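The working numbering numbers the first residue of the sequence shown as 504 and each following residue consecutively. Glycine residues also receive a C-beta, built at the ideal position from the N, C-alpha and C atoms. All figures in this text were calculated on a predicted structure; none of them were measured in a lab.
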Amino acid sequence: MDIEKRKVLVTGGAGFIGSNLVKELLKEKARVVVYDNFFSGDLSNLKEVEKRITIIEGDILDPRFKDTLKENQVECVFNLAAEPYIPYCYYRPRKFFEVNASGALNVLLACRDSKVKRMIQYSTSEVYGSAKYVPMDEHHPTFPLSTYAASKLAADRLSYTLYHEQGIPVTILRQFNAYGPGETQPYIVPEIITQLAKGNQLKLGNLKARRDLTYVEDAVRAAIALMKCDDAIGEAVNVGTGTDWSVEETAKIIGELMGYSKIEIKVEKARLRPLDVERLQCSYFKLYKLTGWNPQVNLKEGLRRTIDHYVKMGKKWLWEAKIAPEEVWRKK
């Protein structure tokens, strides 16, 4: 399905992946509506394009969400709105499930009631748990190791069931770890960059954990390719590069890019997860077969661009002003 001139709504469109997706959709000449509650997303991510889009403040749990779709004559929906940061799910499991599962259900039913032509439900590689084999394809067993992952798997199951039960034209996109400019949560790549901006010493958690890191521009190209692909309806599709890197390897590459000949890394027990996913490595063969997509930005170049953006932004990330400290989350 061609998206040129079609009205496309992006929930979570002021967030990290969402804002990059919005910019890519504009290149495709789509008419874009951003729907966001601006809790972790930020309007500054959309500053360069805000005059070319419609921005609506709202929550995907709102039963009136379907009215937003109808009033704006939305034809396509990307659902990226979520509670995404895993360390916080240990303190707010109920909230994570409400937003990530019940919120997704509300979006799905709103798409049904509004006769939306296509929907992409954003999922995560975390639903698989630690790799039983690599590369991990869409048939890999699911074994979530956090409330976040469990809530996203619930949304996957709802999407798949409602496609078969009620004909909702949804595709489940399982994103392996994305990184790049505009990050709105303190994930491992920005955390390493932040610490190395202060010196060559790092305090990290599990150094041996391996992740498939996808540059955000590649990730959003994949999402749009899936939206255009009618054969992807009713399918779960992985998005990743096919190569995994340990936290330690990633830290060393970032250190080199930031001018250090050597870095010192210490494991800090407080940073270790209660249950950690040891390895995630994507098979994107299905995505390639459906759309012809391939990653274009290698890890070193993507990290270079991310570091350059961090410096350009005055060595500040958006969440430093947006997200409450963990102590506040623990009390909620």
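Selected residue, minimal CA-CA separation from residue i, among the options
i	options	result
Phe679	Ala657, Leu729, Cys785	Cys785
Leu699	Val673, Glu720, Ile768	Ile768
Lys598	Phe568, Gln704, Ile563	Ile563
Leu775	Ser749, Leu707, Thr557, Leu648	Leu707
Lys765	Ala773, Pro777, Glu752	Glu752
Trp796	Gln704, Val630, Arg724, Lys772	Arg724
Val610	Phe646, Gly561, Glu551, Val742	Gly561
Tyr690	Thr557, Val535, Leu821	Leu821
Ala722	Ile506, Ser547, Arg555, Leu583	Leu583
Pro566	Gly606, Ile556, Phe600	Gly606
Ala726	Lys508, Gly515, Ile520, Glu507	Ile520
Glu553	Ser633, Ser522, Phe581, Gln576	Ser522
Asn801	Asp715, Lys755, Pro590	Asp715
Met761	Leu790, Lys818, Arg555	Lys818
Lys526	Lys620, Gly685, Leu648	Gly685
Asn575	His643, Ser543, Ser617, Ser547	Ser617
Leu650	Gly805, Ile623, Tyr588	What sits at residue 650 in the sequence shown is Thr, not Leu. Nearest C-alpha to Thr650: Tyr588.
Lys772	Asp733, Met816, Leu710, Glu759	Leu710
Leu572	Thr514, Leu528, Lys530, Leu524	Thr514
Val619	Arg660, Lys635, Leu656, Gln669	Gln669
Gly518	Lys792, Asp539, Thr627	Asp539
Lys635	Cys732, Thr664, Ala613, Leu783	Leu783
His812	Val692, Lys530, Thr557	Val692
Gly632	Ser626, Ile623, Leu778, Pro647	Pro647
Arg677	Gln799, Arg621, Thr645, Glu551	Thr645
Ala804	Tyr663, Tyr593, Glu759	Residue identity check: residue 804 is Glu in the sequence provided, not Ala. Ranking Tyr663, Tyr593, Glu759 by Cα distance to Glu804 puts Glu759 first.
Lys792	Phe542, Asp747, Ala735	Ala735
Lys701	Ser543, Gly737, Val814	Val814
Pro590	Pro777, Asp733, Gln799	Pro777
Ala613	Ala585, Thr627, Asp570	Asp570
Thr794	Thr664, Asp733, Glu551	Asp733
Met622	Ser547, Asn703, Glu738	Glu738
Delimiting residues of the alpha helix (DSSP H) encompassing residue i
i	result
Cys614	606–616
Leu564	From DSSP, Leu564 is part of no alpha helix (DSSP H); its letter is neither H nor E.
Tyr588	No alpha helix (DSSP H) contains Tyr588, which DSSP labels as neither H nor E.
Tyr813	802–815
Leu790	788–794
Lys550	Careful: Lys550 lies outside any alpha helix (DSSP H) and carries neither H nor E.
Arg597	596–600
CB-CB length for residue i against residue j, believed under 8 Å
i	j	result
Cys579	Val511	4 Å
Ile729	Val740	One point to set straight first is that residue 729 is Leu, not Ile, in the sequence displayed. Their Cβ separation, rounded to whole angstroms, is 6 Å, which keeps Leu729 and Val740 in contact under 8 Å.
Val673	Tyr682	Actually they are not in contact, since the Cβ atoms of Val673 and Tyr682 sit about 26 Å apart, beyond 8 Å.
Val630	Ala604	Wrong, their Cβ atoms sit about 12 Å apart, outside the cutoff.
Val750	Thr717	The Cβ separation is near 16 Å, so there is no contact.
Thr744	Asp545	27 Å between Cβ atoms; not a contact.
Arg595	Ile671	Between Ile671 and Arg595 the Cβ distance is about 28 Å, and since that is not below 8 Å, they are no contact.
Ala712	Val770	The Cβ separation is near 11 Å, so there is no contact.
Ile757	Ile675	About 31 Å separates the two Cβ atoms, so there is no contact after all.
Leu661	Phe581	Not really, about 17 Å apart at Cβ, beyond 8 Å.
Ala754	Leu705	6 Å
Ile558	Val537	5 Å
Lys508	Lys532	6 Å
Ile506	Lys731	6 Å
Phe600	Ser654	5 Å
Lys789	Asp640	7 Å
Range of the contiguous beta strand (DSSP E) that encloses residue i
i	result
Cys579	579–582
Glu767	767–770
Val740	739–742
Residues that DSSP places opposite residue i in a beta bridge
i	result
Asn703	BP columns for Asn703 are empty, so no partner.
Lys510	Arg534
Trp820	DSSP, once it has assigned bridges, lists no residue as partnering Trp820.
Asp539	Glu560
Ala681	Thr717
Arg782	Arg713
Minimum Cβ-Cβ distance from residue i to chain C less than 8 Å
i	result
Ser605	Among the chains in the structure shown there is no chain C, since it carries only a single protein chain.
Completely contained alpha helix (DSSP H) runs for the region 612–679, where each covers 4 or more residues: 650–669
Run through the region 712–760 for me and flag every whole beta strand (DSSP E) of 3 or more residues, listed as ranges in chain order. 739–742
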